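Colleague: Got a structure for you, written out below as structure tokens; questions coming shortly.
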Amino acid sequence: MTDRYAVIGNPIAHSKSPLIHAEFALQTRQDISYTAVLATRESFVSTVLEFARQGGKGMNVTIPFKEQAWKHLATDILPRAASARAVNTLKFEDAKIIGDNTDGVGLLRDIEINLGFPVADRRVLLMGAGGAARGVLPELLRRHPASLNIVNRNVDKARELQEGSTLSGILSASDYRGLSGRQFDLLINSTSSSMKDELPPLPKGIFAKGALAYDLMYGKGLTPFLRFAQEHGAAKLADGYGMLVEQAAESFLVWRGVRPETRPVIAMLRADE
Ligand code: NDP
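Per the working numbering, residue 1 is the first one in the sequence shown, and the count goes up by one each step.
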């Protein structure tokens, strides 16, 4: 019998997850279906429970429900989701709803394996303090960067993230003015600025020699952040397609016990742009 999976979010119509998981299923010869489900804040929990009740095996959770899934839905929270305080992967097992988070692993696999850029001993700038930043911060810290600065317009949110972490020695928080005169080796844009075609107010000299500029956003062409990085000395640019596919592959591994090949799927998405 075909095992059923889905991604739930709002909006969800343009999600690439059904396409990605269909490719993974073909590649690994797994008999699954994967659909996209729209929910509202009010209907989110009941929609997931109904999907599970009808025999669904698992779900991905995307914007804006990751925090709700962590707080109100999962009965068993795995350590990766607990430290991120957000769930993007649900696995239904008997009466249990297991909550996991594959965003951090997805980003780090893309940066370190696909792009060949080890994070250890680098000066890292994490831009943004929303759901995505929360998801990737623990995994970034686990790689032992030399330092990690969280920058956010609303600096209180950046400080909250900093205070929630135990590795306070290497972690700092600031607003954008606080970046003046500083340089970073790895700059990760986890703000939603690119969705609005906006550029966070970064100072020009911020890219160290050999720096990688990574935007979680994916889509057509360079984002304002990647354009700025190209013009101001970043050595390498990357968009969020790699992370999107890697976090999906990690979810697939959680559900099916097999890790699909990601490179052909990343290439397929880029070719489809
Ligand atoms: P949230 O709404 O939770 O957070 C948004 C963040 O962006 C806040 O920190 C906000 O700052 C900041 N921000 C918004 N506009 C600007 C701006 N013009 N300049 C500076 N900062 C700004 O969103 P998420 O964290 O959930 O998602 C962020 C992005 O990451 C989205 O584009 C999403 O698509 C992408 N993403 C990609 C993934 C992938 O697999 N590639 C996975 C997950 C997310 P403030 O608090 O000051 O308002």
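By construction, the Cβ of each residue, glycine as well, lies at the ideal position given by its N, Cα and C atoms. Please read these numbers as outputs of a predicted model, since none were measured by experiment.
1. Would ILE63 and TRP70 be called neighbours here (beta carbons separated by less than 8 Å)?
2. Just tell me which of PRO224, GLN183, ARG227 and LEU199 has its CA closest to the CA of GLY210.
3. Rounded to the nearest angstrom, what separates ARG4 and GLU250 at their Cα positions?
4. Taking DSSP as the reference, what is the three-state secondary structure of ASN60?
5. Grab the span of the alpha helix (DSSP H) containing GLY241 for me, first residue to last.
6. Assuming LYS91 contacts TRP255 (C-beta within less than 8 Å), just tell me the rounded distance between them.
7. Less than 8 Å between the CB atoms is what I'm expecting for ARG134 and ARG85, so what's the real figure, rounded?
8. Pick helix, strand or coil for GLY9, following the three-state DSSP scheme.
9. When the distance is taken between beta carbons, is LEU148 closer than 8 Å to LEU140?
10. Leaving out five residues before and five after HIS232 in sequence, what residues of the same chain have Cβ atoms less than 6 Å from its Cβ?
11. Would you say GLY106 and GLU246 are within 8 Å of each other, going by their C-beta atoms?
12. Whose CA, out of GLU93, LEU237, GLY9 and THR166, lies closest to the CA of ILE111?
13. Mind checking whether the beta-carbon of LEU244 lies closer than 7 Å to any heavy atom of the ligand NDP?
14. Please report the distance separating the alpha-carbon of ARG123 from that of LEU108.
15. Nearest-angstrom Cα distance between GLY55 and GLY9?
16. Would you kindly report the start and end of the unbroken beta strand (DSSP E) that includes ALA213?
17. Starting from MET268, trace the alpha helix (DSSP H) both ways and give me its first and last residue.
18. Just to check, is the beta-carbon of GLY9 closer than 7 Å to a non-hydrogen atom of the ligand NDP?
19. When DSSP labels each residue in this structure, what does TYR218 get in the three-state scheme?
20. Considering Cα atoms alone, identify which of LEU49, ALA39, LEU115 and SER17 is closest to PRO11.
21. Rounded C-beta distance between THR2 and ILE32? I'm assuming under 8 Å.
22. CB of TYR218 to nearest heavy atom of the ligand NDP: below 7 Å?
23. Any heavy atom of the ligand NDP closer than 7 Å to the Cβ of MET195?
Modeller: By the coordinates alone:
1. no
2. Of the candidates PRO224, GLN183, ARG227 and LEU199, the residue whose Cα lies closest to the Cα of GLY210 is GLN183.
3. Taking the straight line from one Cα to the other gives about 17 Å.
4. strand
5. The amino acid occupying residue 241 in the given sequence is Tyr; Gly does not appear at that position. Element bounds for TYR241: 241-256.
6. Indeed they touch by this definition, with Cβ atoms about 6 Å apart.
7. The Cβ separation is near 6 Å, so the contact holds.
8. strand
9. yes
10. LYS204 and PHE207
11. yes
12. LEU237
13. yes
14. 15 Å
15. 20 Å
16. 207-215
17. 263-272
18. no
19. coil
20. ALA39
21. 6 Å
22. yes
23. yes
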